[in-house]
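So the structure is just underneath, and the comments pick up after that.
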């Protein structure tokens with residue numbers, strides 16, 4: 301009995317020490333062959349891996365965990381080899397100080413997801429070598445989620461975690477697996493890492509801090525001041541666009557923040573609305589219908 305209690309307390313302590321509260325969904329609707337029990341196993345394995353792995357040396361309480369969600373949509377499965385293919389939607393949120401509001405930090409679809417998974421397979425993390433492509437993908441996104449979250453609280457606070465993501469990319473590039481190669485396309489995992497680590501696009505990290513810590517967090521105290529800080533930091537989008545118009549970080553910011561920006565400026569004066577509209581239209585001209593809502597929303 302005593303041993304059971306000690307194990308229970310140890311499990312609780314371990315849970316409190318981990319960084320992520322990750323929900324996982326696996327959609328296998330496109331697959332008609334074989335038993336679908338394997339997909340329930342996959343969901344549980346990924347859930348356990350993300351939530352029980354200790355990713356950093358930072359101390360996290362249960363109420364400080366980073367909420368994230370992984371939605372894997374499978375398009376193919378070879379039940380003889382365990383080969384699976386699909387895409388992975390990654391979402392993460394962080395709370396806004398002095399409010400009940402949570403804001404999206406990541407909303408991204410990784411379309412280069414291929415891996416092997418079989419019944420009874422255990423997902424094991426290694427810092428020194430690549431175990432398999434599935435754990436590599438999960439490791440990469442865990443560190444990106446943590447790195448971007450830390451950036452929203454402290455300027456360049458995510459540095460150690462981008463370095464960990466870079467280690468994963470270097471190991472994975474040696475395997476020849478898709479989604480990791482530099483210059484393979486503008487939206488793969490290598491491109492995502494580069495967008496947050498290259499000097500040319502470094503203003504995106506300043507935006508993460510200014511938008512969240514100096515903007516949203518301030519709005520709970522002084523709406524106009526917080527919104528003004530957000531307006532100022534949006535100027536960084538043009539800086540990024542001028543040097544790297546195809547950078548994936550621009551699309552990532554849009555997918556996470558555009559709808560939120562429409563709400564933020566619903567109470568702004570027309571001068572501020574028009575200023576923000578012009579800044580965003582310069583970078584996202586194909587989003588005219590959505591951007592028009594910024595000017596159309598009444599006070």
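Numbering (this note's numbering), first residue to last: 301 to 599.
C-beta atoms are modelled at their ideal positions from N, C-alpha and C, and glycine is treated no differently.
Owing to the predicted nature of the structure, the values given are computational and were not obtained by experimental measurement.
DSSP links residue 384 through a beta bridge to 377 and 415. Between the C-alpha atoms of residue 565 and residue 572 there is a straight-line separation of about 8 angstroms. Residue 340: member of the alpha helix (DSSP H) spanning 337 to 352, first to last residue. For the region 457 to 496, the continuous alpha helix (DSSP H) assignments of 4+ residues that do not extend past its boundaries occur at 459 to 473, in sequence order.
DSSP places residue 369 in the strand class (E or B) of the three-state scheme. Per the DSSP secondary-structure output, residue 389 pairs in a beta bridge with 371 and 409. Taking residue 389 as the centre and dropping the five residues before and after it, the same chain places the C-beta of 371 and 409 closer than 6 angstroms to its C-beta, in chain order.
Within the region 415 to 452, no complete alpha helix (DSSP H) segment of 4 residues or longer occurs. Taking 8 angstroms as the upper bound for CB-CB distance, residue 350 and residue 320 are in contact here, some 5 angstroms apart. Contact check between the region 353 to 361 and the region 386 to 404: fewer than three CB pairs, one atom from each, fall below 8 angstroms, which does not count as touching.
For residue 321, the enclosing beta strand (DSSP E) has its first and last residue at 320 to 327. Rounded to the nearest whole angstrom, the CA to CA distance from residue 539 to residue 346 is 38 angstroms. The C-beta separation of residue 380 from residue 449 comes to about 40 angstroms, leaving the pair out of contact by the 8 angstroms criterion.
By the criterion of a C-beta distance shorter than 8 angstroms, residue 494 is surrounded in its chain by 482 and 501, once the five residues flanking it on both sides are discounted.
In the DSSP assignment, the residues bridged to residue 395 are 402.
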